[in-house]
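**Student:**
Protein chains in written order, with this note's numbering: chain A, 10 to 203; chain Z, 10 to 203; chain W, 10 to 203; chain Y, 10 to 203; chain D, 10 to 203; chain C, 10 to 203.
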């Protein structure tokens, strides 16, 4: 069904890519069983590819108080408001897997206020959305609200930076017409799934 | 998992419902294998239940040029912007089934402009969203744009009325805290499904 | 003066209407002295006509803690923000009559915060507007604010449902180009009027 | 009924006002039969009173291609979007009188696109609203659209200046809690009225 | 460099202006060393010129609790949101001079919440922006917040009136294409400057 | 004057920074004569520092059809709408220098539509703002408009990516309270400056 182009920009052949980029793509394929399209679409711009994934890893793979599932909640909630198909579908799948909850991604994407998540997590998403939509208003009151739920200053940087980084990602995906791989739509939807 | 209440308002026992309402609920259960929560939540208000489903059927089951899948596209796209969890999840399932396309609902919900649908369908959704978000601006130019894609005046009433009716539904669902049944999340996601 | 069409869609002859619809129209004419255009415009779609007025009556004629004038305040305030000429003019007339106050409708339509109504009524309208404009944000704090003014859960459903139903009505009126009858503009403007 | 204060700020006694201000108020009372509250509310600030009415007269009483009714349409349409009760009610009355049309003010206030006015007048109001709501975007295309309807550069300055001046007026009225006189609500509503 | 027209409307010769207007322009030139373009652009409309500057002086030169620098902060912050090039650049210069602070204008223009000003001044600007962007919502809570910082009712009128007046000014400048004089860009940028 | 903290987060000592980060900071200081605060603020997070500047350089230092001044226009215009003080002030300085025009930055920051730039550059900024504010709507018509001004697909990626990257930067700066160095306010304001 999905014969549509995954990007309006040229997608290079794996063979033609710089070695470090090809290596990363091969590694992700071995781990996931398929190559998420964001790797192929960004390979069109090797320097941006490298900076993008370096930034991604610095935020999503670093240690910290936010769980991996919570980081994905931020991505899904802000990307849904930015109407980014790639990020909602792909990170929705990752959220289902990280949270071991087949329903959570659709709930967070449509209206996180009604999702089966904690008040602390809703407050985290409230702030991520403030950063995404009107960061100029962020002030001491926002920090206080988060601290009342146990977040510290470094956690708050993390929430803001994840929201900001995926805001970049949402814009690049929307302009390039990046399409999510069909695999993402069903990943993690069955309770037993890894 | 889903032990959460399906409504913040009381949900009557099936046995305590008026006969006509109970009959409709029994019928839908026999057909679908489960009772969509909207029937149970609205049974709290029998007169509104009757009017709601009469309106629903008048728009969604009537003959006309819009396919059943197209009507569901309108529901999913406008409900997503209204951030209505129940309508996006439940009608997303129906859309997948009607369109026999496991990917379409998530695409239309996140950004219909990038969905694998026709230009005609995108124009239809453009108008449905205009009606949903600023109907006061609708004018001759909107009608002309739709007619250029083959819609006639009656089709345009249908698009507008479906958008308007689900706007009502979205608001009632959001205020009542109506939760989608877990079944809806996976329905129609496998290509083979009916 | 008013030779303008009352709808861009066909308006059926009274003689050609289904019996139940004609009967309702004859009844309203006998009671009011004229036929409000909404009856004629919706008669173009008999099933939607029946559902629409069943819904209307279920919300506006039911017993409950909201006075009839208060229900009309909700209609006028939300319809004004939706820029619905028919609903503001027609329900403005009904509001003047129900409240026995010739000034109230124009006040509520332009800026209810400055209208000669109670703080409780302003809080009711605040909520009706929240439902009308961003129902996705409704939460416990909204319920608490209303309860502090003596509204109970059922009253809150009523406010929300009236706001949601007239949101539908506003959209259908704006798309169909429904024009208010000239009679409505002056009804209830003289203190003595019934 | 209207025992409510007409301003949250002190309203000076006529006897205590500077001579020129008192004279203007006496003159308007003789002409209209009552003193519009804007004169009394602004008398609290004599210098601003003088500048305000000098500006008002420079725009509303000057010769030019815009009819007096058209100038009032601009006031009513922009003031309605600014939710200014005083300006909508008071200038609505003046519009009914100037246009000798008892229905026009409510139509223009709720949705000028559906009002019984010409396409040229709708284009004029479109521009007045652009100036009122996002003047920063005004460009050559706006001027061209107006010129296609016969407006010249000086007319366009007039439209913009009236919109801008009543934007000021709307803000002062909303902050001061300026209430319209009861007389305005009914003025010009009967076809025969002057 | 600046050979661009300072207005899209005709700018009269000094010799052709009414005597009082020429006199004011000569006086400002003697005091400032150049003629700010707003004087030349508005001279196209002598009556509006007189009313405009009478209003300006009534608000900006009157005695009162707001310092001259604070009044300019209101102008710069609201004009920046209205995207008015003339007002931000010209009043930015005046603000730097009044506050004897070369950095303050750019800070207030881009994000006053992060500017080196007091909490009291931020609260003042918050309110000025509320008046500028949605004066219809102003209520007792706004007055209370200002009073908690020592502003009295007359100060609040001043803040609102300055915001409202420059809203008018912003709109006229944007429609007329009024360009700031090159002199304004650098005035007050060196700490030593008067 | 500027004794205010440049970040609400800890700023590490130069001596305590990783070698590569210290080297970059020393290099920029030697070239510019001061260390722009963004380097010090981001040094709090070394991995994010590295990814941020790698991304920055990939977009701002790469060859391509956009001039360096044009890239800075994109930064200034989008950062102004995001109300980012650091980016408007710092990149405003760079824009003045790159364009050798002491007035351009304030013009682009307040209202680029009135700035002394080409129609082609205004179209470029229109698109950058679309990407910044509602990238989800980007479609073929946007690409066509840019191509009509001579931009090719790769240029369009560049515009979008710069807008997206500085959207990230704006958010991080607003949340961290990043303050611009005083040097930036005056750089490039005198025509003769390098």
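Just so you know, even glycine gets a beta-carbon here, dropped at the ideal spot from N, CA and C.
Per the contact definition of three or more C-beta pairs closer than 8 Å, is the segment 103–110 of chain D in contact with the segment 152–160 of chain Y?
**Tutor:** Too few Cβ pairs lie closer than 8 Å, so no.
**Student:** Taking residue 119 of chain Y and residue 44 of chain W to be in contact with their CB atoms under 8 Å, please state how far apart those CB atoms are, rounded to whole angstroms.
**Tutor:** Contact flag wrong, Cβ pair sits at about 21 Å.
**Student:** Report the option in Z/199, Z/133, Z/156 whose CA atom is closest to the CA atom of residue 168 of chain Z.
**Tutor:** Measuring from the Cα of residue 168 of chain Z, the nearest candidate turns out to be Z/133.
**Student:** Using only alpha-carbon positions, find the residue among A/123, A/85, A/173, A/92 that is nearest to residue 146 of chain C.
**Tutor:** Answer by Cα proximity: A/92.
**Student:** Measuring straight from C-alpha to C-alpha, what distance separates residue 48 of chain D and residue 30 of chain Y?
**Tutor:** Distance between the alpha carbons of residue 48 of chain D and residue 30 of chain Y is about 27 Å.
**Student:** I need the DSSP call for residue 45 of chain A, collapsed to helix, strand or coil.
**Tutor:** Coil.
**Student:** Just to confirm the assignment, what range does the alpha helix (DSSP H) spanning residue 151 of chain D have?
**Tutor:** Element bounds for residue 151 of chain D: 149–156.
**Student:** Check each residue of the segment 98–110 of chain W: if its Cβ is closer than 9 Å to any Cβ of chain Y, include it; give the result in chain order.
**Tutor:** Residues passing the 9 Å Cβ filter: 98, 101, 110.
**Student:** Three or more C-beta pairs under 8 Å: does that hold for the segment 10–28 of chain A against the segment 174–193 of chain A?
**Tutor:** Yes: the two stretches touch, three or more of their Cβ pairs being nearer than 8 Å.
**Student:** Among residues of its own chain, excluding the 5 on either side of residue 193 of chain C, which ones have a beta-carbon nearer than 6 Å to its beta-carbon?
**Tutor:** Closer than 6 Å at Cβ, skipping near neighbours: 98, 99, 102.
**Student:** For residue 91 of chain Y, does the three-state DSSP call read helix, strand or coil?
**Tutor:** It is coil, neither helix nor strand.
**Student:** Tell me the DSSP secondary structure of residue 26 of chain W in three-state form.
**Tutor:** Note: residue 26 of chain W maps to coil in three-state DSSP.
**Student:** Under a three-way DSSP split, which group does residue 110 of chain D fall into?
**Tutor:** Three-state result, residue 110 of chain D: coil.
**Student:** Closer than 7 Å by beta-carbon distance: list the chain A residues that pair up with residue 184 of chain C, in chain order.
**Tutor:** Simply 140, 144, 147, 169.
**Student:** Taking only three categories from DSSP, how would you classify residue 187 of chain Z?
**Tutor:** Coil.
**Student:** For residue 191 of chain Z, which residues in chain A fall below 9 Å Cβ to Cβ?
**Tutor:** Residues of chain A passing the Cβ test: 111, 112.
**Student:** Between residue 114 of chain C and residue 85 of chain C, which are expected to be in contact by the criterion C-beta below 8 Å, what is the C-beta distance as a whole number of angstroms?
**Tutor:** Between residue 85 of chain C and residue 114 of chain C the Cβ distance is about 6 Å, and since that is below 8 Å, they are a contact.
**Student:** Here's a check: name, in chain order, each residue in its chain whose Cβ is nearer than 8 Å to the Cβ of residue 138 of chain D, leaving out the five neighbours to either side.
**Tutor:** Closer than 8 Å at Cβ, skipping near neighbours: 86, 87, 90, 172.
**Student:** May I have the straight-line CA-CA distance separating residue 37 of chain W from residue 174 of chain W, to the nearest angstrom?
**Tutor:** About 21 Å.
**Student:** Any beta-carbon of chain A closer than 9 Å to the one on residue 20 of chain C?
**Tutor:** No, no contact with chain A.
**Student:** For the segment 57–82 of chain Y, list every residue whose C-beta sits within 9 Å of some C-beta in chain W, in sequence order.
**Tutor:** Within the segment 57–82 of chain Y, no residue has a Cβ that lies closer than 9 Å to any Cβ of chain W.
**Student:** Rank C/129, C/39, C/61 by C-alpha distance to the C-alpha of residue 74 of chain C and give the top, closest one.
**Tutor:** Cα-wise, what sits closest to residue 74 of chain C is C/129.
**Student:** Quick check on this structure: which residue in Z/63, Z/178, Z/198, Z/17 has the alpha carbon closest to the alpha carbon of residue 116 of chain Z?
**Tutor:** With distances taken between Cα atoms, residue 116 of chain Z lies closest to Z/198.
**Student:** With a threshold of 9 Å between beta-carbons, can residue 34 of chain Y be considered close to chain D, or not?
**Tutor:** Cβ-Cβ to chain D under 9 Å: no for residue 34 of chain Y.
**Student:** Express the C-alpha separation of residue 125 of chain A and residue 183 of chain A in angstroms, rounding to a whole number.
**Tutor:** In a straight line, the C-alpha of residue 183 of chain A is about 29 Å away from that of residue 125 of chain A.
**Student:** So, are the CB atoms of residue 155 of chain Z and residue 136 of chain Z less than 9 Å apart?
**Tutor:** In contact: residue 155 of chain Z and residue 136 of chain Z (Cβ atoms closer than 9 Å).
**Student:** Could you check the C-alpha separation between residue 25 of chain D and residue 34 of chain D for me, to the nearest Å?
**Tutor:** Spanning the two alpha carbons is a distance of roughly 13 Å.
**Student:** Is the Cβ of residue 51 of chain Z closer than 9 Å to any Cβ of chain A?
**Tutor:** No - not a single Cβ of chain A is within 9 Å of the one on residue 51 of chain Z.
**Student:** Thinking C-beta only, is residue 144 of chain C closer than 9 Å to residue 17 of chain A?
**Tutor:** No, the pair does not count as a contact, with Cβ atoms beyond the cut-off.
**Student:** Does any residue of chain D bring its CB to less than 9 Å from the CB of residue 132 of chain C?
**Tutor:** It does not: the Cβ of residue 132 of chain C has no partner Cβ on chain D nearer than 9 Å.
**Student:** Between residue 63 of chain A and residue 63 of chain C, is the Cβ-Cβ spacing less than 9 Å?
**Tutor:** Yes, they are a contact pair.
**Student:** Just curious, the alpha helix (DSSP H) that residue 68 of chain Y is in, first and last residue?
**Tutor:** Residue 68 of chain Y -> alpha helix (DSSP H) spans 55–69.
**Student:** Hey, would you say the C-beta of residue 63 of chain Y is under 8 Å away from at least one heavy atom of the ligand ADP?
**Tutor:** Absence of the ligand ADP from the depicted structure is noted, as is the absence of any ligand whatsoever, leaving it without description.
**Student:** In chain C, what lies closer than 8 Å to residue 46 of chain D by C-beta?
**Tutor:** Those within 8 Å of residue 46 of chain D in chain C number zero; the least Cβ separation is about 13 Å.
**Student:** So, under 8 Å CB-CB, residue 57 of chain C and residue 67 of chain A are touching, yes? Tell me the CB distance rounded to an integer number of Å.
**Tutor:** Yes, residue 57 of chain C and residue 67 of chain A are in contact; Cβ-Cβ is about 5 Å, under 8 Å.
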